[in-house]
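Residue numbers (the working numbering), protein chains in the order written: chain U, 53 to 397; chain G, 53 to 397.
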């Protein structure tokens, strides 16, 4: 039985959604959840539900990290629900951890407490995004703002391993997000990464342009965390803005109301398909453990899905797979070191 | 009467759409168009229309730049329609130039032949994009992939002047595209640009996140050309992908067909609002002249709108306004030089 530590106090709708999500996930799955946070508050919400002995336990903490708290302040405090939840994984008392709280703090604390894998310079955030042909993985979605070519190459390897584990794929198509299909198009980091990726055993299909990302032209889209975070949020915001614009146009029509009623199930189903909460959070890749960052506005369903993904990734030991996969980048890193030594001498 | 030089041979649907767009624009406006390209082909298409004496003239060229030609090859050739069209502006025989051809070549040739304005290190591409509250300006949309903070500051000043000229605004809200609202969030370049922009006389409202861009939270969104080009193309691709996904859901419904018929005018009006061709191309800012890059897939309507925008910007002498506006950045640049000298000594 896998054990998932959940930061009960994290997120805009904490602790309710975390508790409800945990409750629903233990009903369906062969997992246990440890809710970490204020015991009194947690019991208050759990009370309403039939108690599931042995499937949900509580680890009490007095303190919690605030959503808008600075990372430096957040990681200093020792008794927060987020830190205690991550420490459960470190101590081997939980197989994975997740939080919908302060994402910068969750990232920093996971790196700090669980540590980086060998051959990883920069851990990355991988998000699963919907597109016309099913979901694809985008990374880095915000962990590293200024990246070098070698970092992008590592992201490609980590994304490859994650795609294989998550979707049981054998040879996911890896692409670099850039501003033209040719390898000569891009910024300094992507142009160099393009060359390095051509020499790997990955199924590297070259550059992908922004216009093709949501048409499913690649399974894993690699970029630095600044670009990735902007693409993620532009996607989220644009989908919402477009639906609002369309609704406004429909409302202006005489036949709009009845027409809208007729297509409403389609809009509902469409919304479900582009809903982030179906994909259960973003996984931190490159650290020694399984840690998921959930959207601050996560619903109970999103938490439930995140618990499912966390348990799957823990079961498949995703971080060991990444570690294995990254062994083949040792040559690239060694090559780089040689170049660096040469340039500096 | 303003004269606009049009590269008749540029774009996926050249020369038809360019000639048709030119024809329609001289019907409505107080402008003349010089069509630059293969005279025989141009006459063939113009023949079908009533000849507009004195409103459309032709400058014959034998050669033309191909859509997928490398920029270095394209700029070497001396008798291409694109180069000759730009040379008309340089020689004072036209007030503005536009092309739907190879955008890299159009950018490079415009910079090369017309020259940069004083106080501009890097000319930028400014695009007008639709959003929930009307259009906003995004720059740089692809001219400069690796940018420093000072370049972003120059883009802000150029975007400010362009917004004022295009929309007759008095104090457009200028924002930096980043991954968090606080000035401490972002990459090295945006974090430094944030500080520099606070000390300017611009209406700088701080950072804007990807999710807010299409909600109209800013009038001018500033970023480097790598990020800008990706945002531009993600927006274009995502809007198309979402509409396809929604249509597919509607088609799956029993009531979908009739419901769709009822809301069809709304979808049409919505499409018109998010259609790039309404906004008439991207203006090159920071050069001594008025040069517009149109989308390769431009329709006749897009060319007509671009001709209108080009004539407006030429009339308002946008490049002189930018030059005026950039005088106030001299302090920043001088400050920078001092720092550089200090660091290098």
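From the three backbone atoms N, C-alpha and C, an ideal C-beta is built for every residue, glycine too.
* **Chain-order list of residues whose beta-carbon lies under 7 Å from that of residue 279(G) (same chain, five-residue window excluded)** => Here residue 279(G) refers to the residue found at position 227 when the second chain is read from its first residue. Around residue 279(G): 229.
* With respect to the alpha helix (DSSP H) encompassing residue 242(U), which residues constitute its N-terminal and C-terminal limits? -> Position 190 of the first chain, counting from 1, holds the residue named residue 242(U). Here the alpha helix (DSSP H) through residue 242(U) covers 240-250.
* Partners in chain U for residue 154(G), counting only beta-carbon separations shorter than 7 Å -> Start at 1 with the first residue of the second chain, and residue 154(G) comes out as number 102. The premise fails here: residue 154(G) is roughly 12 Å from chain U at the closest Cβ pair, so nothing lies under 7 Å.
* How big is the Cα-Cα spacing for residue 275(G) and residue 192(G)? -> To locate residue 275(G), count along the second chain from 1; it is residue 223. To locate residue 192(G), count along the second chain from 1; it is residue 140. Going by the C-alpha atoms only, they are around 6 Å apart.
* Just checking my contact of residue 350(U) with residue 141(U) at CB under 8 Å: how many whole Å lie between their CB atoms? -> Translated into positions along the first chain, residue 350(U) becomes position 298. Translated into positions along the first chain, residue 141(U) becomes position 89. At roughly 20 Å, the Cβ-Cβ gap does not stay under 8 Å, so residue 350(U) and residue 141(U) are not in contact.
* **Separation of residue 175(G) from residue 392(G), as counted between CA atoms** => Stepping through the second chain from its first residue, residue 392(G) is reached at position 340. Stepping through the second chain from its first residue, residue 175(G) is reached at position 123. With a pLDDT of 39 at residue 392(G), under the threshold of 50, the predicted position of this residue should be treated as unreliable, though the coordinate-derived value follows. Roughly 22 Å separates the two Cα atoms.
* Whole-angstrom distance between residue 136(G) and residue 362(G), CA atom to CA atom -> Sequence index remark: in the second chain, residue 362(G) carries index 310 (1-based). Sequence index remark: in the second chain, residue 136(G) carries index 84 (1-based). Distance between the alpha carbons of residue 362(G) and residue 136(G) is about 17 Å.
* Check whether the Cβ atoms of residue 88(U) and residue 111(U) lie closer than 8 Å to each other. => Against the first chain, residue 88(U) aligns to sequence position 36. Against the first chain, residue 111(U) aligns to sequence position 59. Their beta carbons are under 8 Å apart, which means residue 88(U) touches residue 111(U) by this criterion.
* To do: Show which residues of chain G have a CB atom less than 7 Å away from the CB atom of residue 307(U).
  => The residue labelled residue 307(U) in the question sits at position 255 within the first chain. Ordered by position in chain G, the residues that pass the 7 Å Cβ test against residue 307(U) are 314.
* To do: Would you list, in chain order, the members of the region 290-305 of chain G that have their beta-carbon closer than 9 Å to a beta-carbon of chain U?
  => 290, 291, 292, 293, 294, 295, 296, 297, 298, 299, 300, 301, 302, 303, 304 and 305
* Going along the chain, which residues of its own chain have a beta-carbon closer than 6 Å to the beta-carbon of residue 207(U), five neighbours each way excluded? -> Position 155 of the first chain, counting from 1, holds the residue named residue 207(U). Same-chain partners within the cutoff: 176, 191, 192 and 274.
* To do: Return no unless some Cβ of chain U is closer than 8 Å to the Cβ of residue 239(G).
  => Looking up residue 239(G) in the second chain gives position 187. Output row for residue 239(G): interface = yes.
* Short Cβ contact (8 Å threshold) for residue 345(G) with residue 210(G) -> Start at 1 with the first residue of the second chain, and residue 345(G) comes out as number 293. Start at 1 with the first residue of the second chain, and residue 210(G) comes out as number 158. Going by C-beta atoms, residue 345(G) is not nearer than 8 Å to residue 210(G).
* Just the Cα atoms here: how many angstroms apart are residue 109(U) and residue 260(G)? -> Start at 1 with the first residue of the first chain, and residue 109(U) comes out as number 57. Start at 1 with the first residue of the second chain, and residue 260(G) comes out as number 208. C-alpha separation (whole angstroms): 41 Å.
* To do: Ignore the nearest five residues each way along the sequence and tell me which others in residue 120(U)'s own chain have a CB closer than 8 Å to its CB.
  => Here residue 120(U) is taken as the residue at index 68 of the first chain, counted from 1. The residues are 154.
* To do: Report all residues from its chain with a CB closer than 6 Å to the CB of residue 378(G); omit the five preceding and five following residues, and keep chain order.
  => Here residue 378(G) refers to the residue found at position 326 of the second chain. Answer for residue 378(G): 171 and 209, listed in chain order.
* **Of the listed residues 214(U), 64(U) and 84(U), nearest to residue 335(U) (C-alpha basis)** => If you number the first chain from 1, residue 335(U) lands on position 283. Minimum Cα distance to residue 335(U) is reached at 214(U).
* To do: Output the distance between the C-alpha atoms of residue 115(U) and residue 86(U), rounded to the nearest integer angstrom.
  => For the purposes of this step, residue 115(U) is taken as residue 63 along the first chain, with counting starting at 1. For the purposes of this step, residue 86(U) is taken as residue 34 along the first chain, with counting starting at 1. Taking the straight line from one Cα to the other gives about 17 Å.
* Can you have a look at residue 389(G) and say buried or exposed, based on whether 16 or more other CB atoms are within 10 angstroms of its CB? => Taking the second chain and counting its residues from 1, the one referred to as residue 389(G) is at position 337. Legend: pLDDT at residue 389(G) = 46, less than 50; position of this residue unreliable, no value from coordinates given.
* Quick one: residues in its chain with C-beta nearer than 8 Å to the C-beta of residue 394(G), no 5 flanking neighbours on either side, listed in chain order? => Numbered from its first residue, the second chain carries residue 394(G) at position 342. Unreliable placement is indicated for residue 394(G), whose pLDDT of 37 sits below 50; the coordinate value is still reported in the next sentence. There are no such residues.
* Asked: Who are the neighbours of residue 207(U) on chain G, taking C-beta pairs under 8 Å?
  -> As a working mapping, residue 207(U) is identified with position 155 in the first chain. Within 8 Å Cβ-Cβ: nothing; residue 207(U) doesn't reach chain G, min ~16 Å.
* To do: Evaluate contact between the region 296-304 of chain U and the region 242-259 of chain G, counting only Cβ atoms and requiring at least three cross-stretch pairs below 8 Å.
  => no
* Closer than 7 Å by C-beta to residue 97(U): which residues in its own chain qualify, once you throw out the five before and the five after it? Chain order, please. => As a working mapping, residue 97(U) is identified with position 45 in the first chain. The answer, listed in chain order, is 67, 68 and 71.
* For residue 358(U), I'd like the list of residues in its chain whose CB is within less than 6 Å of its CB, leaving aside the five on either flank, ordered along the chain. => Within the first chain, residue 358(U) is the residue found at index 306, counting from 1. So the list reads 150, 332, 333, 344 and 346, once near-sequence residues are dropped.
* To do: Within its chain, find whatever has a CB closer than 6 Å to the CB of residue 148(G); leave out the 5 residues flanking it on each side and keep chain order.
  => Here the question's residue 148(G) lines up with position 96 in the second chain. If we look at residue 148(G) and ignore the five residues flanking it on each side, its Cβ neighbours are 56, 342, 362 and 366.
* Asked: So what does DSSP say about residue 55(G), is it helix, strand or coil?
  -> On the second chain, residue 55(G) is found 3 positions in, with the first residue counted as 1. Three-state DSSP puts residue 55(G) in a strand.
* Separation of residue 118(U) from residue 62(U), as counted between CA atoms -> Along the first chain, one-based indexing puts residue 62(U) at 10. Along the first chain, one-based indexing puts residue 118(U) at 66. Roughly 8 Å between the two C-alpha positions.
* Asked: Under the rule that 16 or more other beta-carbon atoms within 10 Å means buried, what is residue 372(G), buried or exposed?
  -> On the second chain, position 320 is the one that residue 372(G) refers to. Exposed, since its Cβ has fewer than 16 Cβ neighbours within 10 Å.
* Using a Cβ-Cβ distance under 8 Å, would residue 433(U) count as near chain G? -> The requested residue 433(U) does not occur in the structure, where chain U is confined to residues 53 to 397.
* Pick from 128(G), 277(G), 268(G) and 59(G): whose alpha carbon is nearest that of residue 91(G)? -> Start at 1 with the first residue of the second chain, and residue 91(G) comes out as number 39. Comparing Cα-Cα distances from residue 91(G) to each of 128(G), 277(G), 268(G) and 59(G), the minimum goes to 59(G).
* Asked: How long is the line joining the alpha carbons of residue 256(G) and residue 246(G), rounded to whole angstroms?
  -> To locate residue 256(G), count along the second chain from 1; it is residue 204. To locate residue 246(G), count along the second chain from 1; it is residue 194. One C-alpha to the other measures close to 9 Å.
* Given residue 319(U) as reference, the closest of 316(G), 327(G), 313(G) and 299(G) once Cα atoms are compared -> In the first chain, the residue the question calls residue 319(U) occupies position 267. When each option's Cα is compared against that of residue 319(U), the closest is 299(G).
* DSSP state of residue 172(U), grouped into three classes? -> Translated into the one-based positions of the first chain, residue 172(U) becomes position 120. In the structure shown, residue 172(U) sits in coil (DSSP, three-state: anything other than H, G, I, E or B).
* residue 173(G) CB to nearest chain U CB: under 8 Å? -> Here residue 173(G) corresponds to residue number 121 of the second chain, with the count starting at 1. For residue 173(G), the answer is no, since every Cβ of chain U falls outside 8 Å of its Cβ.
* Asked: Which of the residues in the region 249-273 of chain G, read from start to end, lie with their CB under 8 Å from any CB of chain U?
  -> 261, 262, 263, 264, 265, 266 and 267
* Residues within the region 188-206 of chain U neighbouring chain G, beta-carbon criterion of under 7 Å -> 194, 197 and 198
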